[in-house]
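Protein chains in written order, with UniProt numbering: chain A, 1 to 424; chain B, 1 to 424; chain C, 1 to 424; chain D, 1 to 424.
Protein chains: 4
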Amino acid sequence: MTADDLVSLRRDLHRKPEPAWREFYTTARIVDELEARLGDDLAALHVGPAAIAGDHRMAVPDDAELTHWYERARDAGVDDDVLERLEGGYTGAVAVLERGTGPTVGLRVDIDALPRSESDDPAHRPVAEGFRSEHDGAMHACGHDAHATIGIGTLEAVAESDFSGTLKVFFQPAEEVVGGGKPMAESEHLQDVDALLAVHIGLDHPTGEIVAGIDGFLAVAHVEAAFTGESAHAGGHPEQGRNAVQAMATAVQNLYGIPRHNDGATRVNAGVVEGGSAANVIPDEARIVAEVRGETTELMEYMKRRTRRVLRSAAEMHDCEVEIEIGAEAPSATSDQALVSIVADVADDTAGVDTVLERDELGGSEDATFLMRAVQENGGTACYVGVGTDHPGGHHTATFDVDEDSIQHGIDTLAGTIERLGDR
Amino acid sequence: MTADDLVSLRRDLHRKPEPAWREFYTTARIVDELEARLGDDLAALHVGPAAIAGDHRMAVPDDAELTHWYERARDAGVDDDVLERLEGGYTGAVAVLERGTGPTVGLRVDIDALPRSESDDPAHRPVAEGFRSEHDGAMHACGHDAHATIGIGTLEAVAESDFSGTLKVFFQPAEEVVGGGKPMAESEHLQDVDALLAVHIGLDHPTGEIVAGIDGFLAVAHVEAAFTGESAHAGGHPEQGRNAVQAMATAVQNLYGIPRHNDGATRVNAGVVEGGSAANVIPDEARIVAEVRGETTELMEYMKRRTRRVLRSAAEMHDCEVEIEIGAEAPSATSDQALVSIVADVADDTAGVDTVLERDELGGSEDATFLMRAVQENGGTACYVGVGTDHPGGHHTATFDVDEDSIQHGIDTLAGTIERLGDR
Amino acid sequence: MTADDLVSLRRDLHRKPEPAWREFYTTARIVDELEARLGDDLAALHVGPAAIAGDHRMAVPDDAELTHWYERARDAGVDDDVLERLEGGYTGAVAVLERGTGPTVGLRVDIDALPRSESDDPAHRPVAEGFRSEHDGAMHACGHDAHATIGIGTLEAVAESDFSGTLKVFFQPAEEVVGGGKPMAESEHLQDVDALLAVHIGLDHPTGEIVAGIDGFLAVAHVEAAFTGESAHAGGHPEQGRNAVQAMATAVQNLYGIPRHNDGATRVNAGVVEGGSAANVIPDEARIVAEVRGETTELMEYMKRRTRRVLRSAAEMHDCEVEIEIGAEAPSATSDQALVSIVADVADDTAGVDTVLERDELGGSEDATFLMRAVQENGGTACYVGVGTDHPGGHHTATFDVDEDSIQHGIDTLAGTIERLGDR
Amino acid sequence: MTADDLVSLRRDLHRKPEPAWREFYTTARIVDELEARLGDDLAALHVGPAAIAGDHRMAVPDDAELTHWYERARDAGVDDDVLERLEGGYTGAVAVLERGTGPTVGLRVDIDALPRSESDDPAHRPVAEGFRSEHDGAMHACGHDAHATIGIGTLEAVAESDFSGTLKVFFQPAEEVVGGGKPMAESEHLQDVDALLAVHIGLDHPTGEIVAGIDGFLAVAHVEAAFTGESAHAGGHPEQGRNAVQAMATAVQNLYGIPRHNDGATRVNAGVVEGGSAANVIPDEARIVAEVRGETTELMEYMKRRTRRVLRSAAEMHDCEVEIEIGAEAPSATSDQALVSIVADVADDTAGVDTVLERDELGGSEDATFLMRAVQENGGTACYVGVGTDHPGGHHTATFDVDEDSIQHGIDTLAGTIERLGDR
């Protein structure tokens with residue numbers, strides 16, 4: 001792919017960000033691009049239910065939401081045959097390239113967007129250059145548009161190289177809700193992978209920097225709490241209400257107050273809250289969508305335990321009920337030194353790369369860890385690769401953007417590593 | 001109207017509840033019914049912008065919301081000519097009956113529903129008898145469906161009586177958001193009213209009880225606060241966020257903690273809250289829709305002052321900005337004894353009425369007070385009438401319903417009072 | 001007593017304020033004064049355990065505290081014989097005057113101070129004129145120094161009048177902690193009282209105003225909560241702590257947020273809190289001393305129920321235990337019209353009184369209600385009398401003070417009423 | 001010193017725990033013991049103001065408190081001459097031993113106790129064996145009684161060895177309030193120290209383990225906030241109060257909710273809180289004694305900044321004023337490898353030591369860092385040594401205790417290291 005091709009594909013995906021399990025347009029666009037570029041060269045192209053272990057999907061939205069995004073993708077004019085295979089929120093794809101004898105190498109890229117609005121500041125490049133999100137309330141604020149592009153670019157580059165072996169590229173849905181890693185890890189496609197690479201752009205590293213081996217993933221769990229109280233006329237009978245919003249506010253205050261832990265980093269965030277129906281009604285319903293993290297799985301469990309206690313007591317304080325759902329979890333993982341060394345070595349020779357770090361700490365979470373652990377448990381190796389990019393706003397913020405030059409750095413480093421991993 | 005007519009009309013309105021400024025179907029249905037029953041008997045029928053002083057509307061929803069409900073009303077098959085006159089959220093109507101010389105008597109009924117879901121318990125009569133709300137998230141949980149029906153029934157009853165004078169029935173929109181009372185009070189139609197009656201069903205009084213003169217309205221103000229912070233990756237850089245949900249939760253906790261006042265009753269309710277976009281993003285936006293009340297206007301002002309302080313400080317605590325809008329307010333009011341006595345007298349002779357109370361305290365708010373005060377300031381008199389009805393759930397709750405027998409009690413008492421007020 | 005005597009006695013008491021059950025100096029001083037002025041004229045003078053039903057004492061401080069104040073009183077040089085009768089916190093006195101046949105009239109005055117510091121502002125009269133509290137952390141901030149003075153002055157005035165009957169003056173301890181009313185109401189001395197007067201100075205009424213019949217006492221309950229968690233090194237192992245201060249803070253926030261009640265006024269106050277031992281230790285102990293009030297006993301019970309729930313849930317939220325003690329309670333009460341009329345009538349003729357109000361609402365609480373109810377249940381009558389006084393600061397604040405002229409108004413009104421109540 | 005001497009001295013100190021700047025008995029006892037054991041062997045013994053740079057003292061209690069403890073020490077019968085030199089809270093001592101040419105080696109031990117109660121559980125060894133704290137509300141819950149003993153024991157052991165050089169033992173007061181490290185670091189005595197050792201017992205390491213080089217000290221700052229509002233009668237005029245306890249509770253809730261930081265560990269603790277005067281008075285005063293920590297000085301500054309914001313906004317929310325004092329701070333520090341290696345080497349040969357760790361992370365704070373940094377800035381080296389001890393309860397808890405066998409391990413390791421550091 002030419003530099004223009006890469007930019008053009010990435011921007012098309014950026015314009016149409018789709019959150020978890022709603023990547024209908026995105027998946028179809030990827031399939032389209034792969035077929036156009038590689039066509040019969042691919043040994044297989046598994047799409048939707050054929051790509052993932054559907055039973056393991058986590059944090060799938062309701063039918064109304066799925067339908068809304070499905071129809072929007074149809075309206076955008078994607079291939080109906082592909083689209084129909086994704087119905088019900090079975091998104092994602094696995095592309096397989098077979099090039100003679102040799103090991104099976106995997107590359108995992110995630111493709112979902114975030115449910116947040118993009119900046120409309122004229123200085124924000126997607127605005128200035130006309131590729132801002134067309135989907136109100138959704139945005140590629142974590143660079144997965146670039147990841148999908150890197151996946152396709154790497155596949156093409158390897159296809160054109162002397163690589164000997166099998167390459168599988170996993171286009172994984174629903175990373176942001178920790179929902180897609182497990183079903184992809186449980187799919188049959190991962191079982192025979194000998195070496196797995198995963199990639200992330202940015203992470204506060206500038207353009208020209210490659211990180212061989214990112215560790216320090218925080219284990220994470222998604223938590224949803226639904227408080228139910230009793231409504232009453234707020235003027236006439238406030239005492240008859242059981243106020244779900246008071247319970248929710250008490251919970252939020254105390255969730256953020258869960259004690260820090262001496263064994264390592266912990267996190268908690270009440271990322272989405274809502275409650276009540278009208279100003280003059282004592283609210284009988286409220287909801288918190290939260291997540292907790294820990295530097296180890298034990299620390300994440302500590303946070304979960306404390307979170308449950310806070311939620312239950314807050315409900316009880318205001319005579320409400322609460323239903324707590326622990327939605328999706330991911331473990332932590334570590335990169336294998338053998339792979340780290342190869343990636344570092346290749347990166348050193350990659351054009352445009354001026355700094356190569358061996359190992360760095362993430363401080364965030366990633367459900368790529370499901371795939372890494374699965375491969376490692378089968379006796380394989382895994383490595384998480386960071387591709388630096390100058391990003392004006394932080395990850396998950398309204399002004400996040402990538403320096404598109406870095407897409408090529410990622411493709412070169414990954415394709416070079418994969419070629420090296422093949423039989424000689 | 002026969003008893004069956006009353007029930008059938010009320011249930012039709014109950015099935016199609018429309019919240020403030022969205023009473024498109026409701027207004028059209030009322031106009032339809034009036035034209036069918038009274039036709040040329042009416043001296044005038046002012047609809048939509050012709051019925052209210054549009055500049056004074058408060059708490060009008062945004063265009064997307066208005067359009068959604070407008071289209072829904074169209075789909076339900078109402079008269080397009082009427083509907084078009086309501087476009088942009090100018091709902092409500094004023095019907096005028098002229099019957100020779102005599103005073104101008106006003107009757108005000110409100111017609112809007114609440115933005116809350118109705119119970120689907122099979123024991124809830126609207127479910128059992130098939131007239132539960134067809135609009136998800138909206139419900140006639142305060143009896144305004146019965147009020148509209150009483151308005152039409154009373155008009156017809158007076159038309160058939162010996163009444164001498166002019167009767168104006170004000171079908172007022174947007175009472176629940178304290179939004180319609182003022183624009184109706186400011187319209188020219190109210191200027192010449194000599195005696196005004198307003199009516200409410202229920203209020204914890206049983207079927208067979210009439211309250212002549214409800215007082216103790218709490219002054220009320222609607223408050224909206226929008227918090228803006230800064231988002232950040234909740235795992236990667238929690239310290240870079242400025243958390244709008246933490247600000248909101250702190251505000252909620254402290255709003256409910258505003259000190260009680262020795263001069264009389266006060267109220268505060270954070271009736272609707274929401275914030276954040278995703279579990280893994282530090283929330284940069286949150287909102288509170290609240291209301292405060294006071295037994296006097298001074299007490300309401302005290303609550304407003306304290307509310308502003310809480311909102312501002314909560315924002316500052318989490319380094320957020322907050323925009324505060326005081327959306328709509330209503331004063332308190334008192335019923336005039338002259339009218340109270342007539343209503344009580346008539347009620348005593350009304351079939352089905354077994355108890356008549358002179359004066360009772362409401363403990364809630366009502367923007368009928370705008371109309372009552374306007375008439376009183378012009379030298380007229382006003383009286384707020386309560387019509388008892390057995391209601392299984394409290395006002396504003398999911399199981400609220402009215403005993404339909406009481407509709408006739410309301411019509412008889414009001415029509416009888418109006419007739420008495422006419423010239424002899 | 002001359003005006004100078006009254007001022008001098010009141011100021012002496014003001015200088016030596018003693019909180020509940022610690023009125024050692026105060027009681028001894030009263031006894032002293034009574035013996036000096038009335039001596040053998042008194043039929044009886046019951047002191048300490050002889051004055052109250054000791055088993056019913058509530059909110060008695062611990063021995064160390066009692067001893068501290070006892071020694072301080074001894075050091076101040078009071079009569080050792082009297083002092084010894086008060087040992088263990090049995091304070092208060094009942095003086096009996098018999099003057100022939102006639103009814104038994106009671107007068108109840110309270111004598112305790114508040115555990116709060118007095119202003120040292122030079123403009124505060126007790127500072128300017130040298131009678132500021134000599135007891136750090138204690139202050140007569142509610143006028144009980146004046147009450148005690150009125151009690152003695154009234155007794156002397158009645159003794160010198162034509163009164164025919166029996167007068168008992170109850171010098172009641174521990175009103176501020178709702179602790180002394182019940183033991184005095186349960187003592188034998190109250191059993192034969194036919195008409196009871198109680199008196200309070202100030203209450204936002206100016207000098208020259210008398211209120212015949214104060215009602216609207218809020219029922220009150222005293223609540224103490226002791227939270228126990230587990231300490232830990234705040235730097236080394238914050239996660240091992242169970243933080244009693246977090247539990248306490250959560251409770252305080254939610255106590256003030258208990259919903260207002262439509263049936264009438266409610267109150268809650270976390271008046272004293274404390275917790276923890278050192279900045280670097282996760283606090284394992286915290287305490288709240290609170291009170292709740294209600295316009296009726298039912299409303300007070302509602303507040304108590306909600307308070308318990310808040311305290312229990314706050315403890316649970318932070319994995320702490322909590323012990324809740326409901327310490328002392330007082331009911332509400334109403335003045336009898338027969339007495340109200342006499343007081344008003346006498347007040348009308350009292351020199352210096354320019355305004356007489358019949359009935360007013362207090363909005364506070366008073367354990368005089370125990371005595372009033374006891375007398376009323378025995379078939380007697382009771383009346384609570386307000387004596388206006390210009391007070392620069394509000395009751396219970398650091399700058400509270402009384403206009404000493406009003407002491408005479410109180411004595412004249414009460415003595416006049418008592419004389420009228422005697423046989424003729 | 002024999003094992004019995006060590007135990008006996010440590011237990012004597014344990015019985016008489018004295019918090020920061022109140023170590024009157026402790027200092028006098030140390031001076032006494034040094035004079036008895038070493039007498040004229042000492043080149044100098046600097047006591048009180050002569051030992052520290054008094055201007056740099058932080059977190060000194062008020063005069064009443066100092067006097068109370070001073071008198072208590074006098075009553076316990078210590079040498080009046082020594083005691084008088086400590087007046088005003090100038091505690092601590094520096095003992096100097098000169099043994100020919102060679103480097104100046106420093107040993108720093110801290111001597112203060114914590115303001116917390118000791119367990120009275122019969123199973124707690126100090127209870128069982130009769131050396132529980134005799135001072136209510138104070139306890140050696142962090143082993144400084146053992147540190148002082150180690151300081152004396154090491155001095156004696158070095159005096160009896162072949163050490164060539166100068167040894168200074170710094171008996172530092174007020175470590176627990178981060179108050180004594182700076183004044184000792186600023187004293188002239190530290191200026192010529194070439195190598196500094198500091199020691200701590202326990203820290204979750206078992207008896208028989210020595211840690212050569214503890215790092216990971218959290219920088220710490222002590223924060224005090226005094227809220228001032230306005231009192232009012234809680235029943236009569238709650239609206240007139242400005243509630244300092246509500247402000248405090250809001251602050252506590254939000255202090256613990258300060259966002260975690262991705263750059264490393266942070267801590268916050270509201271270790272002591274108090275407010276209000278009586279249940280029926282709206283509280284006009286409240287106080288928080290807190291501390292914040294950070295893995296780096298920058299992180300501690302981040303916590304301080306956020307803490308200020310929370311405190312100020314909480315005050316403003318309840319219309320209160322707040323005075324914030326940042327009382328005492330300590331930086332972080334690192335042990336030098338040269339010293340670490342020697343300590344490890346000596347420990348390996350120490351009787352009773354079965355495990356030697358090179359380097360461990362503390363996760364707490366220590367104002368020994370002031371002394372370590374001062375020596376390092378002068379070109380010297382420093383090392384913080386951990387002496388394992390089986391401790392049943394955690395540091396700062398009511399059941400903390402040390403295994404007295406470990407005192408000898410500390411003395412042997414330190415004295416051995418010091419001897420090695422001397423000229424050969």
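Where a beta carbon is used, it is the ideal one built from N, C-alpha and C, also for glycine.
From a predicted model like this one, the values you see are computed outputs, not experimental measurements.
Classification of residue i by the beta-carbon crowding that lies within 10 angstroms, buried from 16 upward
i                : result
Glu175 (chain C) : buried
Ser231 (chain C) : buried
Asn378 (chain D) : exposed
Ala157 (chain A) : buried
Own chain partners of residue i with C-beta closer than 7 Å, once the 5 adjacent residues on each side are dropped
i                : result
Arg260 (chain A) : Thr266
Phe163 (chain C) : Arg99, Ile418, Glu419 and Gly422
Cβ neighbours of residue i in the same chain (closer than 6 Å, five flanking residues each side left out)
i                : result
Phe227 (chain C) : Ala244, Ala247, Met248, Ala286, Ala315, Cys320 and Val322
Ser133 (chain D) : Pro17, Glu118 and Met139
Leu357 (chain C) : Val211
Ala28 (chain D)  : Val78, Asp79, Val82 and Leu83
Arg420 (chain C) : Ile342
Same chain, Cβ closer than 8 Å to residue i, neighbours up to 5 away in sequence not counted
i                : result
Thr413 (chain A) : Ile210, Val343, Val346, Ala347, Thr350, Val353, Val385 and Val387
Arg359 (chain D) : Val211, Ala212, Gly213, Ile214, Asp215, Ser335 and Val340
Start-end ranges of the alpha helix (DSSP H) lying completely within the stretch 382-410 of chain C, minimum 4 residues: Secondary structure within the stretch 382-410 of chain C: not one fully enclosed alpha helix (DSSP H) run of 4 or more consecutive residues is present.
The stretch 80-95 of chain A contacting the stretch 363-372 of chain A, beta-carbon criterion three pairs below 8 Å: Result no; under three Cβ-Cβ pairs closer than 8 Å.
Sufficient close CB pairs (3 or more, under 8 Å) joining the stretch 341-358 of chain D to the stretch 402-411 of chain D: These segments touch.
Selection of the stretch 39-50 of chain C by Cβ proximity to chain D, strictly under 9 Å: The residues in question: there are none.
In chain order, each beta strand (DSSP E) run of at least 3 residues that lies wholly inside the stretch 344-383 of chain D: Here the runs fully enclosed are 355-361.
Contact between the stretch 201-220 of chain D and the stretch 325-345 of chain D (3+ Cβ pairs under 8 Å): Between the stretch 201-220 of chain D and the stretch 325-345 of chain D there are three or more C-beta pairs closer than 8 Å, enough to call the two in contact.
4 or more residues per run - each alpha helix (DSSP H) lying fully within the stretch 48-83 of chain A: The stretch 48-83 of chain A contains these whole alpha helix (DSSP H) runs: 63-75.
Selection of the stretch 96-129 of chain C by Cβ proximity to chain D, strictly under 7 Å: Residues Leu114, Pro115 and Arg116.
Near-chain C residues of the stretch 329-346 of chain D (beta-carbon distance less than 7 Å), N- to C-terminal order: Correct list: empty, as no residue qualifies.
Selection of the stretch 304-329 of chain A by Cβ proximity to chain C, strictly under 9 Å: Against chain C - using a Cβ distance shorter than 9 Å - the residues of the stretch 304-329 of chain A are Arg306, Arg309, Val310, Arg312, Ser313, Ala314, Ala315, Glu316, Met317, His318 and Asp319.
Stretch-stretch touch, CB-based, cutoff 8 Å, three pairs: the stretch 268-282 of chain D with the stretch 268-282 of chain C: Contact holds between the stretch 268-282 of chain D and the stretch 268-282 of chain C, because three or more Cβ pairs, one in each stretch, are under 8 Å apart.
Within the stretch 212-253 of chain A, ranges of the beta strand (DSSP E) (whole runs, at least 3 residues): Along the length of the stretch 212-253 of chain A, whole beta strand (DSSP E) runs at least 3 residues long occupy 219-228, reported in chain order.
Touch test, the stretch 18-27 of chain A against the stretch 61-77 of chain A, Cβ-Cβ under 8 Å, three pairs minimum: Counting C-beta pairs closer than 8 Å gives three or more between the stretch 18-27 of chain A and the stretch 61-77 of chain A, which meets the contact rule.
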